[in-house]
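Participant: Quick one: structure below, then a few questions.
Residue numbers (the working numbering), protein chains in the order written: chain C, 1 to 185; chain F, 186 to 356.
Here's what the structure looks like:
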């Protein structure tokens, strides 16, 4: 590993790498934001507004639900990214450790935030199946699609929990241990 | 960006030695010290925009260095050791005159071994004491009250004294 010293040109190259990384993050953030906005507008025009197609009201409602759900996911993802990127190491250790626990803990709030878009996708899927089914088998097909979606969501949730347990739980435990120490006289 | 670069370079130039010392306390090998040093610099760069000047720049640098070493130790914390160089002038900062016996050459190794039995936070506090920081600054860095810092330092020193006495009696 290189030894960065104030007396060498390595500091220059180190700073230039830091600036490059900052620019990259900034550009990536901007590109992703633009991409999301363009996609949202595109899908609203295609699936909700679309004056030239023979889309029924039900189709438009389904389109709107999908657009809203994915916008919601994109918003949550971008906030999650921001939280991880903007870690302030200049805070007092106590506050920093409290922030670590807050950032990495498995919280009910995060799960609750995921419920509305999941419900929107579930409704949109059910409506999609419903409008393409006959009156006789519609309830059965809707129930099946709900069941499959629920199992997939549950599986994804479990996988997320396992990832959290391996990657983030040790950090939370370590920070909690330090907080306990800090609060002990 | 240019202003940030200037601030960063000035800050690193003025604080290089103290950052390196903090890294030496926690990372056992030269390679790990350099890795940690680089990580501290990255975190100084990342956190520089949020520095509002509500604490002295030196205290802020210590905060970043200590928080980075504690987080770095979060990844390697099972191996984390407080490495105080034998004969280090800084070690004198940690103990008062009545503790002179603790600073004798033959006791230093034992003292270092005992320092490494301390918990992470106690090690971090002792690291700052060894650096010669006043209680007020340690309290600003760690985020607990001055009286709490004083109580902790008093307790740690008592533990060290009693451990060293027990060890020397057993020989």
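For glycine and all other residues, C-beta sits at the position ideal for the given N, C-alpha and C.
Look at the Cβ atom of residue 254(F), then the Cβ atom of residue 221(F), and state whether they are nearer than 8 Å.
Facilitator: Against a cut-off of 8 Å, the Cβ pair of residue 221(F) and residue 254(F) comes out as a contact.
Participant: Indicate the three-state DSSP secondary structure (helix, strand or coil) for residue 150(C) in the structure shown.
Facilitator: Helix, per DSSP.
Participant: Report the residue ranges of all alpha helix (DSSP H) runs contained in full by the region 88-142 of chain C; include only those spanning at least 4 residues, in chain order.
Facilitator: Correct list: 93-104 and 108-131.
Participant: Which residues, in chain order, does the region 57-90 of chain C contribute to contact with chain F at a C-beta distance below 9 Å?
Facilitator: Answer in chain order: 85, 86, 87, 88, 89 and 90.
Participant: Closer than 7 Å by C-beta to residue 125(C): which residues in its own chain qualify, once you throw out the five before and the five after it? Chain order, please.
Facilitator: Answer for residue 125(C): 145 and 149, listed in chain order.
Participant: Measure from the alpha carbon of residue 228(F) to the alpha carbon of each residue in 211(F), 293(F) and 246(F), then state which is nearest.
Facilitator: It is 246(F) whose Cα lies nearest to the Cα of residue 228(F).
Participant: List the residues of chain C that residue 325(F) touches, going by C-beta distances under 7 Å, in chain order.
Facilitator: Result: 92.
Participant: Which value, in whole angstroms, describes the spacing of the CA atoms of residue 62(C) and residue 78(C)?
Facilitator: If you take the alpha carbons of residue 62(C) and residue 78(C), they lie about 24 Å apart.
Participant: Quick check for students: name the residue ranges of the alpha helix (DSSP H) that lie wholly in the region 7-44 of chain C, counting only runs of 4 or more.
Facilitator: Counting only runs of 4 or more, we get 10-44.
Participant: Determine, using beta carbons only, whether residue 300(F) comes closer than 8 Å to chain C.
Facilitator: Output row for residue 300(F): interface = no.
Participant: What did DSSP end up calling residue 207(F) once you bin it into helix, strand or coil?
Facilitator: Residue state, collapsed to three classes: helix.
Participant: Under a three-way DSSP split, which group does residue 301(F) fall into?
Facilitator: Coil.
Participant: Who are the near neighbours of residue 248(F) in its chain, counting only those whose CB is closer than 7 Å to its CB and skipping five residues on each side?
Facilitator: The answer, listed in chain order, is 326.
Participant: Going by the CB atoms, is the gap between residue 300(F) and residue 311(F) shorter than 8 Å?
Facilitator: A contact, by the Cβ cut-off of 8 Å.
Participant: With 8 Å as the threshold, decide whether the Cβ of residue 143(C) is near any Cβ in chain F.
Facilitator: No - not a single Cβ of chain F is within 8 Å of the one on residue 143(C).
Participant: Rounded to whole angstroms, what is the Cα-Cα separation between residue 315(F) and residue 230(F)?
Facilitator: Their backbone Cα atoms lie some 26 Å apart in a straight line.
Participant: Is the CB-CB distance between residue 72(C) and residue 117(C) below 8 Å?
Facilitator: Yes.
Participant: In or out: residue 187(F) buried (at least 16 other Cβ within 10 Å) or exposed?
Facilitator: Exposed, since its Cβ has fewer than 16 Cβ neighbours within 10 Å.
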